[in-house]
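Right, one structure below, let's go through it.
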Amino acid sequence: MSKQRHTTADVAAFESWLSVFRRPQTVNNRVHYATRLETWATAHGCTPWTLDTTQISAWLTTVGKSPATRKNALDAIRAFYRWGQHAGRVTGDPTAGLPHIRVPRGLPRPTPDHVLRSAVARCTRPTDILMLLLGSLGGLRVGEMAILRGEDINDGTIRVTGKGGHIRHVPVHPILAEALQLVPSHGWLFPSDRNPSGHYLPNSIAQRINDLLEEGWSAHTLRHRFATHVYSASLDILALRDLLGHADVSTTMVYTRVAAAKLARDVAAISTLPAVADRIHALAS
1 MSKQRHTTAD VAAFESWLSV FRRPQTVNNR VHYATRLETW ATAHGCTPWT
51 LDTTQISAWL TTVGKSPATR KNALDAIRAF YRWGQHAGRV TGDPTAGLPH
101 IRVPRGLPRP TPDHVLRSAV ARCTRPTDIL MLLLGSLGGL RVGEMAILRG
151 EDINDGTIRV TGKGGHIRHV PVHPILAEAL QLVPSHGWLF PSDRNPSGHY
201 LPNSIAQRIN DLLEEGWSAH TLRHRFATHV YSASLDILAL RDLLGHADVS
251 TTMVYTRVAA AKLARDVAAI STLPAVADRI HALAS
């Protein structure tokens with residue numbers, strides 16, 4: 001690794017570079033981990049540009065225990081080192097020798113009806129209930145909610161700008177349509193005077209949803225609720241992929257496991273001739 005002196009100006013330059021290619025939420029996330037890496041390196045008498053693969057591996061153990069968190073952190077600093085090479089800060093990439101972190105695919109955790117009802121009862125303003133319904137009846141991520149405008153609601157659909165700037169159109173549920181009547185039809189759906197962008201930050205929406213829901217439930221479990229209901233009703237994995245804005249259908253496949261109970265009921269409901277049951281009883285006697 002090269003021995004150039006590292007300052008916080010590097011993180012600022014990284015942020016500026018990344019902002020050209022990525023959404024604000026992604027930029028904030030990656031800058032967060034780049035800053036944490038810089039702080040850790042300084043505490044260990046190094047700079048990010050003098051760390052080796054073993055040290056990067058040690059740093060990853062400090063960001064959290066879950067594979068998802070560590071993968072998120074590793075993705076962020078891989079981007080940081082790509083910028084470092086592009087900007088001439090470093091000649092090699094200490095993350096290149098690290099294996100990709102696999103995140104186990106677990107079962108979805110849809111927010112139960114009783115939890116959602118209690119959360120709705122706690123709503124004190126129109127934007128509260130709109131956040132809950134966009135998650136539970138529209139399947140939107142908090143980053144997608146944050147940048148919604150009234151102009152994105154048209155002809156019974158929501159125009160959603162998802163990851164990578166990909167656009168999808170989600171049908172508006174009748175109850176969600178009623179909630180949308182409570183907010184302006186033009187401009188940001190979640191305006192904010194505190195944020196220079198003029199709208200709520202995704203983290204602010206996530207925190208407000210957490211405050212409304214009971215402990216253990218989140219904006220993401222509202223999205224799980226939407227997905228499990230849609231798939232159980234349609235059993236159409238490709239349509240669900242499009243509604244959720246997944247790039248890869250393998251990400252959506254997790255919701256097929258939730259439909260097992262419905263499939264069992266459907267199989268049990270297949271009609272049979274009474275004579276079949278009679279014959280089984282006769283053979284059993």
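Quick note, the sequence shown lines up with residues 1 to 285 if you use full-length UniProt numbering. No residue lacks a Cβ here, since even glycine has one placed at the ideal position from N, Cα and C.
Asked	Found
Given that a residue counts as buried once 16 or more other Cβ atoms are within 10 Å of its Cβ, and exposed if not, what is T221?	buried
Indicate whether the contact test is met: 3 or more Cβ pairs, each with one atom in the segment 136-153 and one in the segment 224-242, closer than 8 Å.	yes
Starting from I56 and walking both ways along the beta strand (DSSP E), at which residues does that stretch end?	That residue, I56, is in no beta strand (DSSP E); its alpha helix (DSSP H) goes T53 to L60.
Contact defined as beta carbons within less than 8 Å: I believe I175 pairs with L133. What is the distance between those atoms, to the nearest angstrom?	7 Å
Evaluate contact between the segment 144-159 and the segment 185-199, counting only Cβ atoms and requiring at least three cross-stretch pairs below 8 Å.	yes
Can you tell me where the alpha helix (DSSP H) holding H32 begins and where it ends?	P24 to A43
How close, in whole Å, do the beta carbons of V254 and P108 come, if the pair is a contact with beta carbons under 8 Å?	6 Å
Taking C-beta to C-beta, are D113 and L212 nearer than 8 Å?	no
Taking C-alpha atoms, which residue in R194, A247, G135 and A284 lies nearest to A179?	G135
Given this structure, state the Cα-to-Cα distance separating Q4 from Y33, to the nearest angstrom.	Because the pLDDT at Q4 is just 42, under 50, the model does not fix this residue reliably, and the value given afterwards should be weighed accordingly. Approximately 20 Å between the Cα atoms of the pair.
Which residue's Cα is closest to the Cα of I158: L243, Q85, P126 and W217?	L243
At the level of alpha carbons, what is the spacing between A277 and L283?	10 Å
Measuring alpha carbon to alpha carbon, tell me which of T252, S232 and T251 ends up nearest D266.	S232
For the beta strand (DSSP E) that H224 lies in, which residues bound it at each end?	From DSSP, H224 is part of no beta strand (DSSP E) but of the alpha helix (DSSP H) over A219 to S234.
Which first and last residues belong to the alpha helix (DSSP H) in which H114 is found?	D113 to R122
Using the rule of at least 16 other Cβ atoms within 10 Å of the residue's Cβ for burial, across every protein chain shown, is R76 buried or exposed?	Checking the sequence, you will find Ala at residue 76 rather than Arg. It is buried - the Cβ of A76 has at least 16 other Cβ atoms within 10 Å.
Please list the segments of the alpha helix (DSSP H) lying wholly inside the segment 105-192, counting only runs of 4 or more residues, in order along the chain.	113-122, 126-136, 142-146 and 174-180
How long is the line joining the alpha carbons of T228 and I209, rounded to whole angstroms?	19 Å
Is it buried or exposed for H199, if we count other Cβ within 10 angstroms and need 16 for buried?	buried
Whose C-beta lies closer than 8 Å to the C-beta of S19 among residues of the same chain, with five residues either side of it excluded?	V27
Helix, strand or coil for H100 per DSSP?	coil
Per DSSP, what kind of secondary structure is H281 in: helix, strand or coil?	helix
Do P67 and V103 count as a contact pair if the criterion is CB distance below 8 Å?	yes
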